[in-house]
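Protein chains in written order, with the UniProt record's numbering: chain A, 1 to 369; chain B, 1 to 369; chain C, 1 to 369; chain D, 1 to 369. The C-beta atom is built at its ideal place from N, Cα and C for all residues, glycine as well. Worksheet: one structure, shown below.
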């Protein structure tokens, strides 16, 4: 039996709740999931969400969740600055931890989390759900099977437009305290895919910029924006491939774009998260007159699509990725192999992001390790 | 409180189970959902699925589900030939009914179901989930707001390829007993969209064909295929618009295509279920040099997307449509207005399908009523 | 040596002039092209266009062009009602004829043209340039090679929006004298493709409609529109395949769409003239996990693309199709095999269109022959 | 009257010949074009091509073309290493020059060409034809009109696959003498677009790589490849915008891709040369529920499309871009304003490429000037 504790009920908190409610119905092969204890900032909100999400108990203090003896795994979905304290506490209390990304707001805290995970012997996984889609798994299998040969070059872009409006007021994400900007909001996602599909980044050079230099604060005064909405990075991977990673949270019209172009000796793969039920595949070996990118629609031939829907081309949704992630987590807890980014791998991702920021500041190539 | 009974646990049964497990977490505004009683063909399977799906009781006899006093609504997801008997029995037992489409294998049975629903005063809804997507709701709102003016012409196609392989053996769906073929497998879906967006079909002319004329049965003998995998229909709607409706279950490469083209006095709307998080909109009023079809990505501006995910462009999945349908059902049970195809509207859809088949047989235009 | 006479210098006249000027530079393997004599409605316009197009002589009377002894082939690009008289006269004068489609405004005139061509022994070709693209040739080769197996079903649509504006005044094309409407404006094009790729149409049923029922004439008075901007047809081909052919000249947003879907026993081909440098091909034989429609970009592997550009994916244009057509015409004149729709094949296309119109009037299936 | 001399009859030579043959027929508003003198490597080939292309005289020595008193403008389409000598000679002979890109194989020669042009007072234009498409002109007008507000970020990619095959032998383009590789083959094209649309590049950082490190030469021996098929560059423009420019001539499946993403304060524009009759435009001002990228199809609303075809959406081809370029050249020769990249602007493009190469060698940011 899995006893679930959930801390936080915002965007990702609800997403975890949907996953915990659905995972057994979808996959069947998992133990009973008991929704034990929900923690929120205050008791009233905790009670309300516990009702909606189906949790048995609710607390206005997250420590109650961690202390609950019936809880065996804790979902941490609070703002990033709380991840380290909560995750370390949960691990020290002997719980498995499923923590949203990015790990922490400082490299030191991320390292502390990794150490705590190692010391605990518990499963400590990060919520990098984009790696879970059938499409990304298909890409992984194509690469492993050498279908496009040895990969020599990558291009990755992640763009949304929630920071694009120049007339929007100065907010938390414009202040230095929130981090670098697009680099930590976005770059960690593509880096999770790079990490799973290609391994470690060796060296980076990043250039960041501010599409909107000043914004008005609540008082109407102009304030200089301190974070960077745009970052463009050159990469060299440890495996010898080169690449680019570009992120932009002020890209009008992009809503959830993560485009990946993978160039190999014998073919090319292209993917875009905005159409994440599709993979584009070009194989050099086809008859020259019939060569072209194929649009492969996700279906039961692409695990674990078939656990959701027996018919191909019907489409999984974003929330389904979290259900798959929950399933992988349960497998890992049960001692099986699973596709997850644990705290050790997550720390490497954080290290890469910080190296990128340094390469911008120092205007030079920086080695990740 | 909603007390759920579920009969059948195949493709659609699992889909209902996912919906019942997720609807309250997603929408919040619904009463407690209690998964009371699951019915399957035998007790062992019923017990196993009840565990996976989270149901409290399980029976090898569907009548036990209907008789269960804690059950207030019954999901019927069994093969089509059982729908009428089960739905009528459930309605007569005072339960609300959520029955998968198509209604029944004969027009008489469909009419009987409609009568039973009317007599019962209960909610009796059909599982036409494609009408529930944010994209289709957006299209409905665009039409109501007159954004493309009065609609004068429609083209609808629904295609999949599960019957495309000529070497696949003769199966149940190739025998006359299974119905007309693509017409009842597929045409009801586009007709549910037509019904919701444009109203009734007045007159039809249909031509059907068999891409594969003969298939080998289990004994290796060639048997003539009796159903039609392809149907092409001309339509005239009661509102004066003309249109075509084409279905093909032997269309290699199509996996879940339902393409709709809606032509109006001031614009055009195009939609394809294979990319159901997108709507194509062309408005004549734009500057001529800047006119073009816009690809609108579903987001919180398109209800009820925001109940699933607060960020736009992240994509709902097929199973999410059933969660929305469950929510509409609960609203209707609670006396609120809801977007559902009830047994009366479903009967009209069946009537249209049968008129199409007759127009093929008699090779002439046939009025639906 | 080819001695060219050109009658008419509108849309298609200029297109022929571009083709005659370019064909030898593009293909190299043709005799010298001499631009001999241009005919227009009056001498001044004829003189002006002769200068622009590079013709040596110009006349305000088309008969002068036909009588010119240096002219060996006559391009006829005048309004449809003049085609028959001019083509017959040119053929009787011993000239080869390249006449724009549709052939004529009546079936009788089309038949007269065909008879004149037969009697003359000259080449008499129609300007169905869409059959000339490398993409359509590729489709032809794929079909001949059996790459998608035996074709069982077709869907063709041709749509533009030049008649879509409801506030545009009553014009020539709204009066009965101009013909049926979209049927003769558009349907002949897809039928030229059907004729070349699949052979003859056996029987048809067509439904036509008027998106805009009334328009104001120059005096401001409302007049009933007499032609049909929309036509939807069911087809049965002589080879046994079924299909649909839908045309709409009031389809907002469509600019030059001719979409063709070809369903075969082992695959599917999709093409759209708005992106006519691309072909979509789905082959059932691919690994199930890697199956998908391939987007094949036209290149030197697809004749005669390489005569225009040695690099693939750079794109031919609409006018290039006419250059290819001119090349085919020259080959035919030189006694070689060529891809052209001659007057005999053109007459079959006209016959099909008239059968469609009759099937609408009589609201029943009509055999073409 | 324009007296044309053409030197070289390969890929671009034929393209110029097509343009010179077609420009007056397409545009009408230009003086008579006389095809005077064609130069090739030997007399026999020159004679043959002169016949095909319609030139009056032919020489096996290019100096005869330049000396011909009837020649007023010289098309130079020979291999890059000959451009400087020929262009300077032609300018010194008082001819206008239309020279293919890139300008020269060394910066010194490019500077010499620019000086010769300045000294001559003649028109000296480079064959950067991608700037001529109606789509790129539309983008220019959208930017000038402020439709997407101030541009803050760009991403440009140019990819083809003619160097992708690892088993292809060592060739001229793999030796250092041919230049840097993708940088001079490809980067000049996107830079011509940047130059026209956004102005000068201020500073660059480039990383280059070799997808195939060794290839076999004619003798079967393995040789180290000396050029770089892949280059990825970070850019800062003089106008303050940042960007990336990535080129890859070993990108399987890409045939003529030049993708441009332009991010502005109020919208986004996306373009891809493989579908160069389309522009994607996103405007932030639209109703949030109806926002999306519009696919604008080139038509008469986009100059000079209408000079080729009066109907929209029918598509120009690659060779048509050269016809437009010829028209601009003729306008410039006639003293009118024209859209062309002259030798001065071309020199800036070369300077940028060389700065990119240096930034790779020195692994640091390099200022272009």
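Helix, strand or coil for residue i, going by three-state DSSP, please let me know.
i              : result
residue 368(D) : coil
residue 148(D) : coil
residue 167(D) : coil
residue 279(D) : strand
residue 139(C) : helix
residue 113(C) : helix
residue 297(A) : strand
residue 340(C) : coil
residue 13(A)  : helix
residue 103(B) : coil
residue 358(C) : helix
residue 209(A) : strand
residue 292(A) : coil
residue 159(C) : strand
residue 345(C) : helix
residue 226(B) : coil
residue 181(A) : strand
Taking C-beta pairs closer than 7 angstroms, name the residues in chain A that residue i reaches, listed in chain order.
i              : result
residue 245(B) : What residue 245(B) touches in chain A: nothing, since even the nearest Cβ is about 20 angstroms away.
residue 138(C) : 289
residue 53(B)  : 25
At 8 angstroms on the CB atoms, spell out the chain A contacts of residue i, in chain order.
i              : result
residue 296(C) : 289, 290, 291, 292
Could you tell me which chain B residues have their CB closer than 7 angstroms to the CB of residue i, listed as they occur along the chain?
i             : result
residue 72(C) : Going along chain B, no residue has its Cβ under 7 angstroms from residue 72(C), so there is no contact; the nearest lies around 43 angstroms.
Determine the chain C residues that contact residue i at a beta-carbon separation under 9 angstroms, and present them in chain order.
i              : result
residue 311(D) : 11, 160, 162, 255, 256, 318
residue 109(D) : Chain C residues near residue 109(D): none, gap ~26 angstroms exceeds 9 angstroms.
Spell out the partners DSSP gives residue i in its beta bridges.
i              : result
residue 242(B) : 153(B), 236(B)
residue 269(C) : 262(C), 281(C)
residue 124(B) : 97(B)
residue 319(B) : Answer by DSSP bridge pairing: none, since residue 319(B) is not bridged.
residue 198(A) : Its beta-bridge partners do not exist; DSSP assigns none.
residue 231(C) : 208(C), 247(C)
Which chain C residues sit within Cβ distance under 7 angstroms of residue i?
i             : result
residue 17(D) : 25
Please compile the residues from chain B whose C-beta is within a distance smaller than 9 angstroms of the C-beta of residue i.
i              : result
residue 302(D) : 289
List the residues of chain A whose Cβ lies closer than 9 angstroms to the Cβ of residue i, in chain order.
i             : result
residue 57(B) : None at all; the shortest Cβ gap to chain A is about 16 angstroms.
Please compile the residues from chain D whose C-beta is within a distance smaller than 9 angstroms of the C-beta of residue i.
i              : result
residue 197(B) : Residues of chain D passing the Cβ test: none, with the nearest at roughly 17 angstroms.
residue 284(A) : 161, 164, 165, 252, 253
Please list the partners that residue i has in chain D, where partner means a Cβ-to-Cβ separation under 7 angstroms.
i              : result
residue 314(C) : 256, 318
residue 274(C) : 297, 313
Chain C partners of residue i, CB-CB under 8 angstroms?
i              : result
residue 281(A) : 290, 292
So with CB distances below 8 angstroms, who are the chain D contacts of residue i?
i             : result
residue 21(C) : 21, 22, 25
Unbroken stretches of the beta strand (DSSP E), 3 residues or longer, contained in the region 50-79 of chain A: Listed in chain order, the complete beta strand (DSSP E) runs (minimum 3 residues) inside the region 50-79 of chain A are 57-59, 73-76.
Would you call the region 282-291 of chain A and the region 246-255 of chain D in contact, with 3 or more CB pairs under 8 angstroms? Here the region 282-291 of chain A makes contact with the region 246-255 of chain D; the two share three or more CB pairs at distances below 8 angstroms.
Cβ pair count under 8 angstroms reaching 3, the region 184-200 of chain B against the region 227-243 of chain B: When Cβ pairs closer than 8 angstroms are counted between the two stretches, the region 184-200 of chain B is seen to touch the region 227-243 of chain B, the count reaching three or more.
Given 8 angstroms as the limit, is there contact between the region 102-110 of chain A and the region 70-78 of chain A, that is, 3 or more CB pairs closer than that? Touching, no.
Three or more C-beta pairs under 8 angstroms: does that hold for the region 37-45 of chain C against the region 56-67 of chain C? Inter-segment contact for the region 37-45 of chain C and the region 56-67 of chain C is present: three or more beta-carbon pairs are separated by less than 8 angstroms.
Between the region 7-23 of chain C and the region 345-363 of chain B, are three or more C-beta pairs nearer than 8 angstroms? No contact exists between the region 7-23 of chain C and the region 345-363 of chain B.
Say whether the region 233-247 of chain B touches the region 150-162 of chain B, bearing in mind that this needs 3 or more beta-carbon pairs closer than 8 angstroms, one atom from each stretch. Counting Cβ pairs under 8 angstroms, three or more are found: they touch.
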